[in-house]
Every structure is written in C-alpha cells, then in structure tokens.
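K.L.:
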Amino acid sequence: MATRQQLVADEYEYGFNDGDVGVLKFQKGLTREVVEEISRIKQEPAWMLDFRLHALDIFLKKPMPNWGADLSALDFEKIVYYVRPSDRQGKTWDEVPQQIKDTFERLGIPEAERKFLAGVSAQYDSEVVYHNIHKDLEEQGIIFTDTDTAVREYPDLVREYFGTVIPSEDNKFAALNTAVWSGGSFVYLPKGVHCNIPLQAYFRINSENMGQFERTLIVADEGSFGHYVEGCTAPSYNSESLHSAVVEILVKEGARMRYTTVQNWASNVFNLVTKRAVAEKNATMEWVDGNIGSKVTMKYPSVYLVGEGARGMVLSIAVAGKGQHQDTGSKMYHYAPHTTSTILSKSISKHGGKTTYRGLVHMAKGVEGAKSNVKCDTLILDEQSNSDTIPYTEVADSRVEMEHEATVTKVSEEQLFYLMSRGLSEEDATRMVVMGFIEPFTRELPMEFAVEMNRLIKFEMEGAIG
Amino acid sequence: MAGPELAISDLQVAVDGKLVLKGLTLTVRGGEVHAVMGPNGTGKSTLAQTIMGHPRYQVTGGSITLDGRDVLAMKTDARARAGLFLAMQYPNEVSGVTTANFLRTALNARRDAKDPVRLKEFRDELDHAMDVLSIDHGFANRYLNEGFSGGEKKRNEILQMLLLKPRIAVLDEIDSGLDIDAVRIVAEGVDASRGPELGLLLITHYQRILNYVTPDRVHIVYDGRVVMSGGPELAETLESRGYEWVREELVPAVEGSPA
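Top to bottom, those sequences are chains A and B.
Take 582 as the starting number for the first sequence in our numbering and just add one per residue.
Take 21 as the starting number for the second sequence in our numbering and just add one per residue.
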C-alpha cells in the first residue's frame, strides 16, 4: 500500500551540528602517540597508561569480527580519537559554553534535570562538559561523576574494578575503548542505599568522523538500588562516526541495578558497544535497551549470574529503517544454582531496514534450578525489510528450565482494516499497532522517558517533518 | 438534519475474481432495523465488508450511497467518519493498546484535532456504555480484544458502536458463538441504541437475536441477491421452515425471472 511506504520515510530530528567548537582536536588515525597523549592530557597515573597501551596491542592484533553486521565501511584511520570541546567542566549550565549549552537545551536535558533527575552528566564528543548531582544523594555517600574524575578522586575504587568485568581481551572494540577511552560515568552506590530517582548521562557527538569512547563503571554495593539512564544523539554527516563504549557493572549481594538506554544516533554512526554486568547472590541486574538510531549497532548486554539466586533481565527494542542494521540481543551466563534470566526482545524493521536478534543463554555445570526465558518478537512493516533470530544455547546441566519463543508478525491488512473501520487513518492505524507492539518496553521506562520514547517512535513513523 | 439513509443499489462484488454479490438492492433509513438473513456462503458477510470498504472485495457494479454521498469513493476510515460502522464477525486483536486508549483515539479521529474529547467526559460515557452491556469497568484497561472470549469480543463491538454513535451500523453475525444470556445482553445493547438517528443492518444466520431486537424489515439473501423481503414474520417463517424452504421455493422463481 502506498501510504504505508510514505509514512516510514526516515527522518532524523537531531541531525544538526554546532560547527567546529572544540578547543583541542586530534588528527585522524590511531597510533601509540594518540593513546599516550590522551593519557597525558588527563594526567593519569602510570597504571592507567599501561592499561591503555596493553589494550592497544590487543586491538591491533584482534581481527574484525566477521560474524555479525557488515563493518566494511568502518575505517579506523579516518576516525578522530579525541576532541576536547571545552576547557573545563561545568557544575551549573551557565558554566557550559553557550553553543554547547544551547544544544543540550535543544535536547531537553536541563529541563529534564529540573523535573525528575537525581543527577546529570552530559558528554559532548570526548569530554563530560556538565556534571551535577543532588546534594542529598552525595550526603548518602552516592558517587556519581565522570570516569576521568573518578580515576583522580577515587583511584582505589576504580583500580579495584576497572576492566574486571570486561577485560581488554574480550573483543576488538572493548580493547579499542580501553586504549582510547574518555569520559563516561562512574557510579558507586553504598551498601543499603536506595537511589529512587534516576541518574542520567547524555552522550552527544558533534564533530565529524568523531570516535566517542566513553567508559562507564557502576558498582552497586550490597543491598543497594539504582537506576541509570542514558540517551545518545549525533549530527547527520555523510561520513562515518564511531561510538564504541564499554559499560561494566557490578551488582553485589542483594542489590538491584537497572540500566536504561535510549540510543538515537544519526544514521552515519557505527554503534559498537560492550555492556556487561556481574550479579552476585540474590542480586538483580536489569538492562532496558532501546536502539532506534545508528547505521549499524552491535550490542548484546549481558549478565554473569555468579551468585545463587541472582536474576538477570534484558528488555530490548530495536527499530531499523532505511540503511540500518540493528544486530542486537543479549547474553546470559548462569554460573550458580537457582539463577534466573529473562530476555524480551522486540524489533521493528521498516523501509528496507534489518534487525537481527543474536543471543546466548549459557548454563554451566552445577546450576541446579536455574531458569531462563527468552522471547523474541519481530514486527515487519513492509516487503523490503527483514529480520533474523539467532538464539544460541549452551547447556552443561540438565536440571535447568529453558524456554524460547519467537514470533514474526506483519502489520496485517485485517488489522489495519479493523482500526480504519473505526475512523483511524491508515497512518494512525499503523502507528497504533507499532505503539502497541513496543508497549511491553515503554511500560518499563520511567514515565518521562516513556513519553519521549513514544514521541521518538511516532516521529520515526512520520512522513516528512522538519 | 434529516435522518441517515444508506442506499445499496444493484451491488455486484467479486472476491478473488469470483462474483459473490450479483445485484443486491437494499435501503436502510434512520430509525429502522433491517435483518439480512440467509444460509452460509450466500454473500451476507461480503455485503458487510463491502459497505465498510475491505480491500479484498472488488465492487464490479452498482452503487452504495450514504445520504446521497458516494460511499464507494471513500476509503474505509473516511466511511467511518461519515457515519458508517461495522461490528465485525471476527474482530482483530491489537496487543499493547488498551480498549480505552483505542476508543479515545477513534473518537478523536472524528473530531477537530484542536478539540479532543475531554478525559472526564470520555470516562463517564465509557462507564455508562459498559454498564449498559454489563461489562466490568476493568475491561477498558485490557488490550483490545486480546485474550477476550467470543462473547467479550462481541460486546466490545457493541461498546464501540455505543461510543462512536454511527448513523448506519452493520452488525455482522453479532449473535454467533454466543450463549443465550450473552445474546440477550448484546441484543439489549443494540436495542438501547435504536433511535431516529441510527439505521441498523443486522446480518444474522439465526432468528434468535430478533426475539430481542424486532426488525422492521427482513430480507432473505440467497446466491448474492435479495430473494424475498417482508416484515418480522418472515424471520419466523424462516425459523420454522428452514433454509431448505428458501432453496426449494424461492430460488427457482428468481432464477426463472429475466435477468
């Protein structure tokens, strides 16, 4: 049907750029000197420089992954590995350079902060340009800062955990991130402390051919609770940018951590991210992962369930439009008895886009009573679009329960007819089916993010706007 | 404003290249209830789907007008906004969309974008309509038709009709698959909506719903045409003599008549 084609035309509303605002911008390309220079600028301790250089070796040795999305258009020599946008970090928005502040205003960050956030970190290219946390949270011992500051101010904590969940050897992009990381968040939740309002980080790429490599480390100590939310956007350029983050999370005994992402990169961004958590005894780790933008995303948030009774959950949504491939999923490693994992993956492909669910459930020996439930639902909006579901399982113990379910639906003529027979236009009817399809995801978002998510999806479904 | 008038004239419809309606003529006006009866496979549902504009049904001849406007020139959603309604035999399920949200969207689709229905007003009307149909209020927050029993789906169709207030409503086998109590509740809901501003076309295989909603006219459809029309007593005759009677006594007369 003609109108269904029209309404999925891909538009991107955050594609503006601020021109060249950086105060320091490296030449393109990655060398040992680039790594050393980043470390020098940050006045890092020697152990961190060693860590970086070791990771660089691993990066150079490891081949490109050939099992996932097509990365052939990614040229590491054409990426800028460090851009410092501002001379200092603001504690108030007035301290942030005007143009950058205007951008974040346009993205709605200061407003969201005033309304419902416990703390905000705003990263622009390589550095965090704004950072603030509610005083009362600080008084409870909660640490929320950018990772560079954390290396200086909390060296023992950082050194104890940095690279322990995702070692540089893990994969080529984790190694790359470790070599050139800059920015990201460090969060520490002390024992028994509950942070009931979300902490938010916002990542904005501005420069062309930018490589953004933030590094996030979260430690939720025993019995604590926290919710960390991140959003991402970038200008639309004709050449490729790279976002390659590493997020490591430790969830200690009885703690619960939720990490929510709404990724809306421009369609020239390679988004190759490694996210992993370790959940100890009776701990709960929840990944809520929304992938709407980017050219290619490869991201499989995972949980290592190492303590008895630990729980892992991944709830994800991927939307792939023209020229996009969302290769996403999750990995759950059961290493202790009575651990449970749940994966609910929702993907939508339209206008020639491609979604792949790629997941792994691993049951080690001796994990009696472990349970896993995986459900993958795909909605395909037109004939040009497609999707794959590639679930892997590794089971070394028979005393476990595993469920897997996959559905593929198309928006059917009957469904549209039914909705249109009540007066909805074809566009509204299609949108209603799509919104209903992702409802299990949006319902898990904090109210304000759900509103934003719905708005984004509606926007994705619009024809020409802006 | 004058009451509504749906005029169907010499309608011919093909499905997948096969002619199903072969010249059907029928007019329904505001305040009237017309029952369309007939054996399975004679074109009753085709008539319903065609009135609403289902893309699978190809009109090859004849016309449908609503208050003189050409219905066939309108898309399905425009027909709905013009005042047509179809209670479907097999309502679709829409996961993740609550019945209340759907109804509000449908109501707003027929209003000025600057003047959406007020929440309080909507809730009151919805509650009232649910009471008429003995529907639990929690129903409004369930996903549209998902996991509904057959009876719940049919009641939900009538609920939508009560809220959307169409000018002409076609009810396609609204009584099928229901036990006798459910038929009574659904029929009472239908009966409650009767009035000069609504014309009803009740498509049914059985006579039983007509015990609760007395039709003004009964039409018997066979092989894509109306072969006999009459008052409510025709439904009773049909009930007592069965569709064999139609085949044996009415059809030869039609087939023998000049085309």
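For glycine and all other residues, C-beta sits at the position ideal for the given N, C-alpha and C.
Just so it is clear, the structure is predicted and the values come from calculations on it, not from any experiment.
(1) Is it a yes or a no for the segment 156-171 of chain B touching the segment 214-221 of chain B, going by three-plus beta-carbon pairs under 8 Å?
(2) Report the option in A:Val709, A:Tyr705, A:Asp717 whose CA atom is closest to the CA atom of Ala699 of chain A.
(3) Rounded to whole angstroms, how far is the Cβ of Pro626 of chain A from the Cβ of Asn752 of chain A, which I believe are closer than 8 Å?
(4) If you drop the 5 nearest sequence neighbours on each side, which residues of the same chain put their C-beta closer than 8 Å to that of Arg733 of chain A?
(5) Spatial neighbours of Gly1047 of chain A within its chain, please: C-beta separation below 7 Å, excluding the five flanking residues on both sides.
(6) If Glu949 of chain A and Asp978 of chain A are in contact, beta carbons under 8 Å, what's the gap, nearest whole angstrom?
(7) Thinking C-beta only, is Arg939 of chain A closer than 7 Å to Gly902 of chain A?
(8) Only counting the same chain, and skipping five residues up and downstream in sequence, which positions put a Cβ closer than 6 Å to that of Phe122 of chain B?
(9) Is Ala212 of chain B close to the ligand GTP? I mean its beta-carbon at under 6 Å from any heavy atom of the ligand.
(10) List the residues of chain B whose Cβ lies closer than 8 Å to the Cβ of Ser1006 of chain A, in chain order.
(11) Taking the alpha-carbon positions, what's the Tyr916 of chain A to Ser805 of chain A distance?
(12) State whether the segment 45-60 of chain B contacts the segment 231-246 of chain B, with contact taken as three or more CB pairs (one from each stretch) at a distance under 8 Å.
(13) Taking the beta strand (DSSP E) that Thr70 of chain B falls in, what are its first and last residues?
(14) Hey, quick one: how far does the beta strand (DSSP E) through Ala27 of chain B stretch, first residue to last?
(15) How should Met1001 of chain A be labelled, buried or exposed, when 16 other C-beta atoms within 10 angstroms of its C-beta is the threshold for buried?
(16) If contact is defined by three or more beta carbon pairs under 8 Å, each pair taking one atom from either stretch, is the segment 756-772 of chain A in contact with the segment 705-714 of chain A?
(17) Drop a sphere of 10 angstroms on the beta-carbon of Met1028 of chain A, count the other beta-carbons inside from all chains shown, and report buried for 16 or more, exposed for fewer.
(18) Between Val746 of chain A and Arg857 of chain A, what straight-line distance do the alpha-carbon atoms span, to the nearest angstrom?
(19) Taking Glu184 of chain B as the query, report the chain A residues whose CB atoms sit under 8 Å from its CB, ordered along the chain.
(20) Distance check for Lys174 of chain B and Arg71 of chain B, CA to CA, integer angstroms please.
(21) Can you confirm whether Val91 of chain B, when its beta carbon is compared against all beta carbons of chain A, has any partner nearer than 7 Å?
(22) Beta carbon of Asp192 of chain B, beta carbon of Gln109 of chain B: below 7 Å?
(23) Taking only beta-carbon atoms, is Gly1044 of chain A less than 7 Å away from chain B?
(24) Looking at chain A, is there any beta carbon in it that lies within less than 7 Å of the beta carbon of Arg245 of chain B?
(25) Name the chain B residues whose beta carbon is nearer than 8 Å to that of Phe1018 of chain A?
(26) Establish whether the CB of Ala126 of chain B and some CB of chain A are separated by less than 7 Å.
(27) Count the other CB atoms within 10 Å of the CB of Gly50 of chain B; is the residue buried (16 or more) or exposed (fewer)?
(28) Name the chain B residues whose beta carbon is nearer than 8 Å to that of Glu995 of chain A?
(29) According to DSSP, simplified to helix, strand and coil, what is Asp706 of chain A?
(30) By the three-class DSSP mapping on this structure, what secondary structure does Pro691 of chain A have?
(31) To the nearest angstrom, how far is the alpha carbon of Tyr663 of chain A from that of His906 of chain A?
(32) Along the chain, where does the beta strand (DSSP E) containing Val955 of chain A start, and where does it finish?
(33) If we count Cβ pairs, one from each stretch, closer than 8 Å, do we get three or more for the segment 855-875 of chain A versus the segment 833-846 of chain A?
(34) Taking the alpha carbon of Asp147 of chain B as the reference point, which residue from B:Arg138, B:Met181, B:His157 has its own alpha carbon closest?
(35) Please name the residues in the segment 969-989 of chain A whose beta-carbon is closer than 7 Å to at least one beta-carbon of chain B, in chain order.
(36) Which whole-angstrom value describes the C-beta separation of Arg621 of chain A and Leu637 of chain A, a residue pair presumed to lie in contact below a C-beta threshold of 8 Å?
P.N.:
So, to answer that:
(1) Proximity of the segment 156-171 of chain B to the segment 214-221 of chain B falls short of the contact definition, fewer than three beta-carbon pairs being nearer than 8 Å.
(2) Here residue 699 of chain A refers to the residue found at position 118 when the first sequence is read from its first residue. The shortest Cα separation from Ala699 of chain A among A:Val709, A:Tyr705, A:Asp717 belongs to A:Asp717.
(3) Position 45 of the first sequence, counting from 1, holds the residue named residue 626 of chain A. Position 171 of the first sequence, counting from 1, holds the residue named residue 752 of chain A. Going by Cβ atoms, the distance from Pro626 of chain A to Asn752 of chain A rounds to 26 Å, so no, they are not a contact pair.
(4) Here the question's residue 733 of chain A lines up with position 152 in the first sequence. Within the same chain, and ignoring the five residues on either side of Arg733 of chain A in sequence, the residues whose Cβ sits closer than 8 Å to its Cβ are Gln624.
(5) Indexing the first sequence from 1 puts residue 1047 of chain A at position 466. Annotation note: pLDDT 25 at Gly1047 of chain A (below 50); position unreliable, coordinate value reported separately. For Gly1047 of chain A, where only same-chain residues beyond five positions count, the Cβ hits under 7 Å are Glu592, Glu594.
(6) Taking the first residue of the first sequence as position 1, residue 949 of chain A is located at position 368. Taking the first residue of the first sequence as position 1, residue 978 of chain A is located at position 397. Yes, they are in contact, since the Cβ atoms of Glu949 of chain A and Asp978 of chain A sit about 7 Å apart, within 8 Å.
(7) Sequence index remark: in the first sequence, residue 902 of chain A carries index 321 (1-based). Sequence index remark: in the first sequence, residue 939 of chain A carries index 358 (1-based). Going by C-beta atoms, Gly902 of chain A is not nearer than 7 Å to Arg939 of chain A.
(8) In the second sequence, counting from the first residue as 1, residue 122 of chain B sits at position 102. So the qualifying residues of the chain are Leu164.
(9) By its list of ligands, the structure shown contains no ligand whatsoever, and the ligand GTP lies outside what it can speak to.
(10) Within the first sequence, residue 1006 of chain A is the residue found at index 425, counting from 1. What Ser1006 of chain A touches in chain B: Asp97, Ala129.
(11) In the first sequence, residue 916 of chain A corresponds to position 335, counting from 1. In the first sequence, residue 805 of chain A corresponds to position 224, counting from 1. Cα to Cα, the separation comes out at about 22 Å.
(12) They touch, by the three-pair rule.
(13) Position 50 of the second sequence holds residue 70 of chain B. From DSSP, Thr70 of chain B is part of no beta strand (DSSP E) but of the alpha helix (DSSP H) over 64-72.
(14) For the purposes of this step, residue 27 of chain B is identified with residue 7 of the second sequence, where counting begins at 1. Start and end: 25-35.
(15) Counted from its first residue, the first sequence places residue 1001 of chain A at position 420. Buried, because 16 or more other Cβ atoms sit within 10 Å of the Cβ of Met1001 of chain A.
(16) With a cut-off of 8 Å on Cβ pairs, the segment 705-714 of chain A is in contact with the segment 756-772 of chain A, counting three or more such pairs.
(17) Stepping through the first sequence from its first residue, residue 1028 of chain A is reached at position 447. Under a 10 Å Cβ-count criterion, Met1028 of chain A is classified as exposed, with fewer than 16 other Cβ atoms of the shown protein chains found around its own Cβ.
(18) What you label residue 746 of chain A is simply residue 165 of the first sequence in a count that begins at 1. What you label residue 857 of chain A is simply residue 276 of the first sequence in a count that begins at 1. Approximately 7 Å between the Cα atoms of the pair.
(19) Your numbering for residue 184 of chain B matches position 164 in the second sequence. Note that residue 184 of chain B is Leu in the sequence shown, not Glu. Against chain A, a Cβ distance below 8 Å from Leu184 of chain B picks out Arg1003, Gly1004.
(20) Indexing the second sequence from 1 puts residue 71 of chain B at position 51. Indexing the second sequence from 1 puts residue 174 of chain B at position 154. Sequence check: residue 71 of chain B is Ile here, not Arg. The straight-line gap from Cα to Cα measures roughly 19 Å.
(21) As a first step, residue 91 of chain B is located in the second sequence; it is residue number 71 there, counting from the start. No, Val91 of chain B does not count as interfacial toward chain A.
(22) Along the second sequence, one-based indexing puts residue 192 of chain B at 172. Along the second sequence, one-based indexing puts residue 109 of chain B at 89. Between Asp192 of chain B and Gln109 of chain B, the CB-CB gap stays under 7 Å.
(23) Position 463 of the first sequence, counting from 1, holds the residue named residue 1044 of chain A. Note that Gly1044 of chain A scores 43 on pLDDT, short of 50, meaning its location in the model is unreliable and no value can be drawn from it.
(24) Locating residue 245 of chain B in the second sequence gives position 225, counting from the first residue. Output row for Arg245 of chain B: interface = no.
(25) Working through the first sequence from its first residue, we reach residue 1018 of chain A at position 437. Near Phe1018 of chain A (Cβ distances below 8 Å), the residues of chain B are Ser115, Gly116.
(26) As a position in the second sequence, residue 126 of chain B is number 106, starting the count at 1. Yes, Ala126 of chain B lies at the interface with chain A (some Cβ there is under 7 Å from its Cβ).
(27) The residue labelled residue 50 of chain B in the question sits at position 30 within the second sequence. With 16 or more other Cβ atoms within 10 Å, it is buried.
(28) The residue you call residue 995 of chain A lines up with position 414 of the first sequence. The contacting residues are Asn112.
(29) Taking the first sequence and counting its residues from 1, one reaches residue 706 of chain A at position 125. Coil.
(30) On the first sequence, position 110 is the one that residue 691 of chain A refers to. Helix, per DSSP.
(31) Within the first sequence, residue 663 of chain A is the residue found at index 82, counting from 1. Within the first sequence, residue 906 of chain A is the residue found at index 325, counting from 1. Taking the straight line joining both Cα atoms gives about 26 Å.
(32) Position 374 of the first sequence, counted from the start, is the residue given in the question as residue 955 of chain A. Element bounds for Val955 of chain A: 952-961.
(33) Of all C-beta pairs linking the segment 855-875 of chain A to the segment 833-846 of chain A, three or more are shorter than 8 Å, placing the two stretches in contact.
(34) Counted from its first residue, the second sequence places residue 147 of chain B at position 127. Residue B:His157 holds the alpha-carbon nearest to the alpha-carbon of Asp147 of chain B among B:Arg138, B:Met181, B:His157.
(35) Contact residues of the segment 969-989 of chain A toward chain B are absent (C-beta to C-beta distance below 7 Å).
(36) Counting from 1 along the first sequence, the entry for residue 621 of chain A is found at position 40. Counting from 1 along the first sequence, the entry for residue 637 of chain A is found at position 56. Actually they are not in contact, since the Cβ atoms of Arg621 of chain A and Leu637 of chain A sit about 15 Å apart, beyond 8 Å.
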